[in-house]
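Structure first, then comments.
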Amino acid sequence: MSPILGLQLLLVAASGIAVAAVARRKGWPAPLLLVAAGLLASPLVPAVPLDPELVLFVFLPPLLYSAALDSSYLRLRDVKRAVLLLSIGLVLFTTAVVGLLVHLLLPDLPLALAFALGAIIAPPDAVAAVAVGRRLGLPRRTLTILIGESLFNDATALTAYRVAIGAAVGGTVDLFQSVGTFLLAAAGGVAIGLALAFVFAWVFEHTRDSLVENTLMLLIPFAAFAAAETVHASGVIAVVIIGLYLGHRMHLRGFGTRLVSDAVWKVTDFFLETIVFVLIGLQLVTVIQGISGYSAWAVAGYAGAVLAATILTRFVWVFVATWLIGLVAKNTRQPVPTTKQAVILSWAGMRGVVSLAAAFAIPPEVPPRDRAMLLFLTFTTVIGTLLIQGTTFPALIRRLGVTTERERYEDRLAEAAAQQAALEAGLAELERLVAEEGEPDEIQKQVIDQLREKSWRRSLTAWERLGGGTGSGGAETPSSLYRRLRRDMLQAERQVFVRLRDERRLDDEVLREVMAQLDFEEAILER
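In numbering that gives the first Met the number 0, the protein residues as written are 0 to 526.
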């Protein structure tokens, strides 16, 4: 990477963080605001190239790994039919429909390149949709389907893209060989992901050091992606598999590893997504300058047709898939997506940076005029879906009135019951230890009473949340009162420690240690 490109990326990151901070403060969808800011800034700043290798080998692996780590293997298994129909079936269907449409609109464009464009814009990026859905309370099952689709659809799309580009450059394509290539790439990705998952799980069992474990976790997505791509397997699938496996076993790690991991990946996601969405908007001038030899109206018509086909194709496939799932699920008692959920899934088809990176990665053997048109149609589809679907997605969710009130109540009820069972197990263990220790003295009795009281208070908090955190008549519950007063006490204690440090009566290292203890206690209060 050149120093100039590095400086440009730093400026992009700094500007993007400022825009994202405003979006978070106002409660707006940050990805959409970042794209809009990039579009507005593109004519005013020097071109910032979107390096395909930077996106596919630096940005994509950690974003995929973080999403997989934070996903639920069990919930994904429950919606596997929907995820497979979207991540494989829909991607191939979109590739075919868009490819045939583009070949009809542009007869001079080789059919293989038309299908390459279809594969490029086939995979949606669910980052914006999931961010909006979580904020507005989409049902967990719908969010799981969107997340699962975004985890696996890139593998299908990139494989189809490579086959189409190979046919365009080489001139021939064998259907059976292409299917075999896809299956081998997928199987290889699964095998490599599982193998590395077992290796790193064994390493983590023998480290027991939160700093070392989280440092290794930062390397895992790059190692899995590189290992799979080196043997022509799917790096995307390898990263997703290892992320799901380690995420499912995160309870085996120490509390320090989990606390640090949560913070590390939140910061990583925020930083990388900020750069990615700003970079999308900043490609405006680069893309437009490449188009020549076409009338403005013709180019606009091509872009509008491809965008409309991309959106409508998803609607058709989702409703057909919903019907198929309904037929299969008749005798299995599995829930079927409602019409409202199908509409939401259909409209959550925003495209992202992977599509742009694939378009920029079109090899130089492709004629420059064709390459410029493919890049332009990709860019307009990405921007169109983000700005049209992304900006209207929150209003659609509100309009359909999809709520999770029942789901949230069931979650609180299940948590309260689990806390009660855990409390009883913990108290039983405490009584066993006391019996082994013999008759406690006065100080030991005080410690034991404190442990009992803390356990009961934690269980009580879970039951109180069923009532929204208030007691009868809207009065403040004992747990809420305890948390409010203890937070105020912690703030007063911090001020004393800082004052003593400023008076040189306390060393900075000691201050950091005691502040960390107070921060952990406040974190427990917030939870």
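Glycine included, C-beta positions come from ideal geometry on N, C-alpha and C.
Where residue i falls: helix, strand or coil (DSSP)
i	result
Glu364	coil
Ile293	Going by the sequence as given, residue 293 is Tyr instead of Ile. Note: Tyr293 maps to coil in three-state DSSP.
Gln282	coil
Trp27	coil
Leu53	helix
Ser233	coil
Ala121	coil
Ala226	helix
Arg511	helix
Glu430	helix
Val78	coil
His205	coil
Glu438	coil
Gly400	coil
Ser14	helix
Asp107	coil
Leu505	coil
Asp69	coil
Ala46	coil
Gly188	helix
Ala115	helix
Gly136	coil
Gly348	coil
Gly425	helix
Gly88	helix
Thr337	coil
Gly37	helix
Straight-line Cα distance separating residue j from residue i
i	j	result
Leu243	His102	39 Å
Leu108	Val44	33 Å
Leu135	Pro393	7 Å
Phe92	Glu452	60 Å
Pro122	Leu373	16 Å
Asn213	Thr206	11 Å
Leu323	Leu75	18 Å
Glu502	Arg252	40 Å
Thr94	Glu525	47 Å
Ala163	Ser70	32 Å
Ala223	Gln445	52 Å
Leu505	Gln494	13 Å
Ser294	Pro367	17 Å
Val509	Val497	11 Å
Gln388	Glu512	48 Å
Val131	Ala262	21 Å
Leu245	Gly188	16 Å
Candidates the options, of which the one nearest residue i by Cα
i	options	result
Leu527	Ser70, Leu426 and Val335	Missing from the structure shown is residue 527; the chain here goes from 0 to 526 and no further.
Ile236	Ser149, Leu217, Ala20 and Phe254	Ser149
Gly234	Thr391, Phe58 and Thr379	Phe58
Pro138	Tyr481, Ala166, Lys339 and Met514	Lys339
Val97	Gln494, Pro367, Pro28 and Ala115	Ala115
Ala185	Ile219, Ile240 and Ala196	Ile240
Arg313	Thr337, Pro363, Ser345 and Ala19	Ser345
Val381	Leu8, Gly303 and Ala223	Gly303
Ile310	Gly325, Thr384, Leu55 and Arg397	Thr384
Ala67	Pro106, Trp264, Val11 and Phe254	Trp264
Ala200	Gly187, Val189 and Met216	Met216
Gln305	Leu6, Ala360 and Phe375	Here the sequence assigns Val to residue 305, which means Gln is not the residue at that position. Val305 has its Cα closest to that of Phe375, out of Leu6, Ala360 and Phe375.
Arg350	Val275, Thr267 and Thr180	Val275
Val353	Val126, Arg24, Gln516 and Ala13	Val126
Ala190	His231, Ile290 and Ala166	His231
Ile361	Ser260, Ala166 and Gly348	Ala166
Val34	Phe175, Glu428 and Leu281	Leu281
Gly400	Leu429, Ile343, Thr379 and Arg431	Ile343
Pro60	Glu228, Leu73, Ala13 and Pro42	Glu228
7 Å Cβ shell around residue i - same chain, five flanking residues per side excluded
i	result
Val129	Leu142, Leu145 and Ile146
Ala46	Val284 and Thr285
Val82	Leu75, Ile144, Gly147, Glu148 and Phe151
Glu364	Val168
Asp268	Leu62 and Ser65
Phe378	Gln282, Val286 and Leu355
Cβ neighbours of residue i in the same chain (closer than 6 Å, five flanking residues each side left out)
i	result
Ala357	Ile119 and Tyr160
Leu278	Leu49
Thr321	Pro336 and Ala341
Leu84	Ala320
Phe359	Leu49 and Pro51
Leu489	Leu517 and Glu521
Thr256	Ser209 and Glu212
Contact set for residue i: own chain, Cβ-Cβ below 8 Å, skip 5 residues either direction
i	result
Asp369	Leu108, Pro109 and Leu112
Val90	Ala118, Ala121, Pro122, Asn152, Thr155, Ala156 and Ala159
Val298	Ile290 and Phe375
Contact with chain D by residue i, beta-carbon distance below 8 Å
i	result
Tyr293	Given the protein chain composition of this structure (a single chain), no chain D is represented.
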